[in-house]
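I have placed the structure first, in the form of structure tokens, so that the comments after it can refer back to it.
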Amino acid sequence: MRNSRYHRSARSGLMAAAALVAFVLAAAWSGGSAAAQQTSSTPAKKSAKKSAKKPAGEADKGTSKGSSIETVTVARGPFRIDVSVKGYFEPEEAFAFRLQPKVWSSFKIADVVPHGAGVKQGEVVLRFDSEQLEKQIEELQRKLESSERGLAKMRVERDQSEERVRLSREAVERATENTLHQWETFQKTGHAMAKESAERMLQGARYQLEYAMEELKQLKKMYEA
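Number 447 marks the last residue of the sequence shown (this note's numbering); no jumps.
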């Protein structure tokens with residue numbers, strides 16, 4: 223990992239371990255040298271006393287026993303200390319993940335990379351459980367499809383209402399022409415029944431037109447909403 227450093231605890235542990243090993247080696251070297259000098263001088267004194275008391279043959283036997291002590295020669299030279307410690311890397315700049323949803327706010331973590339684990343570019347470090355979110359999306363999709371079907375139905379009804387209005391207008395126009403014709407006939411003939419019939423036809427045509435116009439108005443309001 224680029225631009226990273228050891229954790230301070232790893233450095234402290236490494237320095238403490240190195241100091242401890244150096245101290246143990248120094249103490250062992252000092253103790254070994256003193257023991258070697260004391261061992262080499264003590265048998266010599268004892269063998270001299272024994273040789274004075276014993277005959278010459280027995281003195282040679284004691285000297286042969288003392289010569290079996292092993293000695294080690296300490297020499298100056300380089301040595302290597304291997305220390306194994308546990309630690310992890312930390313980036314110089316950390317990046318915090320922030321999730322700020324606009325609608326859905328209930329998120330459940332399904333999988334996450336462990337703390338301190340190494341990752342590569344493009345690797346997924348955090349994955350959410352999307353089961354509930356997918357169900358909500360499916361429910362909204364069904365509602366959207368239902369709304370679209372309702373809108374299409376309203377458009378058909380609007381077209382049908384506009385057609386009825388057109389036919390009603392044509393009927394009013396025809397009724398008006400008939401009424402005018404009957405009115406002219408009434409003026410010429412002077413019959414009261416013709417006048418009354420013409421007025422009824424005109425009034426009925428007006429009612430029919432008003433009903434068709436009100437129905438069209440209501441459908442337009444529903445369509446615009």
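By construction, the Cβ of each residue, glycine as well, lies at the ideal position given by its N, Cα and C atoms.
In three-state DSSP terms, what is residue i?
i, result
"residue 394", "helix"
"residue 431", "helix"
"residue 421", "helix"
"residue 399", "helix"
"residue 385", "helix"
"residue 292", "coil"
"residue 360", "helix"
"residue 314", "coil"
"residue 324", "coil"
"residue 437", "helix"
"residue 297", "coil"
"residue 307", "coil"
"residue 342", "coil"
"residue 377", "helix"
"residue 371", "helix"
With burial defined as no fewer than 16 other Cβ atoms inside 10 Å of the residue's Cβ, what is the status of residue i: buried or exposed?
i, result
"residue 346", "exposed"
"residue 401", "buried"
"residue 316", "exposed"
"residue 427", "buried"
"residue 390", "buried"
"residue 255", "Bear in mind that a pLDDT of 46 at residue 255, under 50, signals an unreliable position, so the number given afterwards is only what the model happens to contain. Residue 255 should be labelled exposed."
"residue 394", "buried"
"residue 434", "buried"
With DSSP as the reference, please indicate the residues paired to residue i in a beta bridge.
i, result
"residue 164", "Because the chain here runs from 223 to 447, residue 164 falls outside it and cannot be looked at."
In whole angstroms, what is the alpha-carbon distance linking residue i and residue j?
i, j, result
"residue 364", "residue 330", "24 Å"
"residue 311", "residue 342", "15 Å"
"residue 383", "residue 374", "14 Å"
"residue 339", "residue 309", "12 Å"
"residue 296", "residue 302", "16 Å"
"residue 299", "residue 292", "22 Å"
"residue 326", "residue 348", "18 Å"
"residue 286", "residue 304", "Low per-residue confidence applies at residue 286: pLDDT is 47, beneath 50, and the placement is therefore not dependable, though the value from the model is reported in the following sentence. Straight-line Cα distance between these residues: approximately 42 Å."
"residue 321", "residue 367", "30 Å"
"residue 409", "residue 386", "34 Å"
"residue 333", "residue 314", "26 Å"
"residue 405", "residue 388", "25 Å"
"residue 379", "residue 398", "28 Å"
"residue 420", "residue 392", "17 Å"
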